[in-house]
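The next block holds one structure in the form of structure tokens; read it before the comments.
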Amino acid sequence: MQYLFPILVGFLFNCSATQTPKPVAPSAQKSGPNVEDILDRAAAARLEGINQEDLKTVAMKGVIQMPQGMTAQFQALAKDGSKYNLSTEVAGMKVELISDGKDVYENNPMIGPRLLQGEELAYNLNEANFKRDINWRQNYTSYQLLGEESINGRSAYKILLTTKEGFEVTNFYDKENYQVLRADMVVKGEMGTIPTIMYFSNYENVNGLVMPKTTTTEVMSHKMVMQVQEVTVNGEIPDESFSIPAEMKQ
Numbered sequence: 532m533q534y535l536f537p538i539l540v541g542f543l544f545n546c547s548a549t550q551t552p553k554p555v556a557p558s559a560q561k562s563g564p565n566v567e568d569i570l571d572r573a574a575a576a577r578l579e580g581i582n583q584e585d586l587k588t589v590a591m592k593g594v595i596q597m598p599q600g601m602t603a604q605f606q607a608l609a610k611d612g613s614k615y616n617l618s619t620e621v622a623g624m625k626v627e628l629i630s631d632g633k634d635v636y637e638n639n640p641m642i643g644p645r646l647l648q649g650e651e652l653a654y655n656l657n658e659a660n661f662k663r664d665i666n667w668r669q670n671y672t673s674y675q676l677l678g679e680e681s682i683n684g685r686s687a688y689k690i691l692l693t694t695k696e697g698f699e700v701t702n703f704y705d706k707e708n709y710q711v712l713r714a715d716m717v718v719k720g721e722m723g724t725i726p727t728i729m730y731f732s733n734y735e736n737v738n739g740l741v742m743p744k745t746t747t748t749e750v751m752s753h754k755m756v757m758q759v760q761e762v763t764v765n766g767e768i769p770d771e772s773f774s775i776p777a778e779m780k781q
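The opening residue of the sequence shown carries number 532 in the numbering used here; numbering runs sequentially from there.
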């Protein structure tokens, strides 16, 4: 669920949250720790007391502290199969993004309702997969250990990951507990190509799912802090929550 935040970045900065795809390169292993072992340990660190097959839904509510003292409210519902319903409200404007697992619908007062297409659709469906890093072998076609770096005083493995759609993200995994401390990616929209850095902290175990409660995002010269205030894991979420208006599919 933490990777839904780039979509929020797209909402709040009025850009289409799609990463620039790059050709898939073969996996490379530099000398040092085995990259597959690191990713396996990171996947195991996401779950405590629950099997990934039993992880069905996640629901979150919280706030985002934005530049110039603005605050946004957000709610995210996610269900196995790349289904999600994401809404944000800032300055009296509400934006919705809904995926039924195949199509993605955006209702943005600034541009009107629309169905996402092409690269933008592929990106959003990829971000909706909240088991992506748990089932990393099924979702990443390339993974390369780039070295080690210090992130906020903690030693971390730096790994470049490429999805089967060709989207790249560089994750920094804590060398002790294998939690993701930072993720680097590129968001491209109406303002051009925007490097995005996300820092994850305050990890908590919520009914078996270990997730960060705080995400600090640096975009251009701006910083936003997302605080998750409520989380429900494996709660009942009706399929109607992921329904796209019928008129949009005609």
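For each residue, glycine too, the CB sits at the ideal point set by N, CA and C.
Which residues DSSP lists as bridging residue i, in chain order
i: residue 593; result: 605, 759
i: residue 703; result: 689, 713
i: residue 741; result: 736
Spatial neighbours of residue i in its chain, beta-carbon cut-off 7 angstroms, leaving aside the 5 residues before and after
i: residue 726; result: 717
i: residue 639; result: 626
i: residue 631; result: 614, 773, 774, 775
Extent of the continuous alpha helix (DSSP H) to which residue i belongs
i: residue 645; result: Unbroken run through residue 645 is the beta strand (DSSP E), 643 to 646; no alpha helix (DSSP H).
i: residue 617; result: No alpha helix (DSSP H) contains residue 617, which is instead part of the beta strand (DSSP E) from 614 to 621.
i: residue 567; result: 566 to 576
Range of the contiguous beta strand (DSSP E) that encloses residue i
i: residue 675; result: 671 to 682
i: residue 627; result: 624 to 631
Member of the options whose CA lies at the smallest distance from the CA of residue i
i: residue 758; options: 622, 607, 674, 577; result: 607
i: residue 761; options: 573, 566, 593, 570; result: 593
i: residue 588; options: 763, 778, 773, 780; result: 763
i: residue 618; options: 595, 632, 671, 600; result: 595
i: residue 671; options: 601, 624, 695, 756; result: 695
i: residue 637; options: 616, 623, 621; result: 616
i: residue 613; options: 772, 572, 753, 777; result: 772
Beta carbon of residue i nearer than 8 angstroms to that of residue j
i: residue 775; j: residue 611; result: no
i: residue 729; j: residue 746; result: yes
i: residue 740; j: residue 578; result: yes
i: residue 686; j: residue 679; result: yes
Contact test: residue i Cβ vs the ligand MN heavy atom, cutoff 7 angstroms
i: residue 736; result: Ligands displayed in this structure: none; no statement on the ligand MN is therefore possible.
Same chain only: Cβ atoms within 6 angstroms of residue i, ignoring 5 sequence neighbours per side
i: residue 736; result: 579
i: residue 691; result: 675, 677, 701
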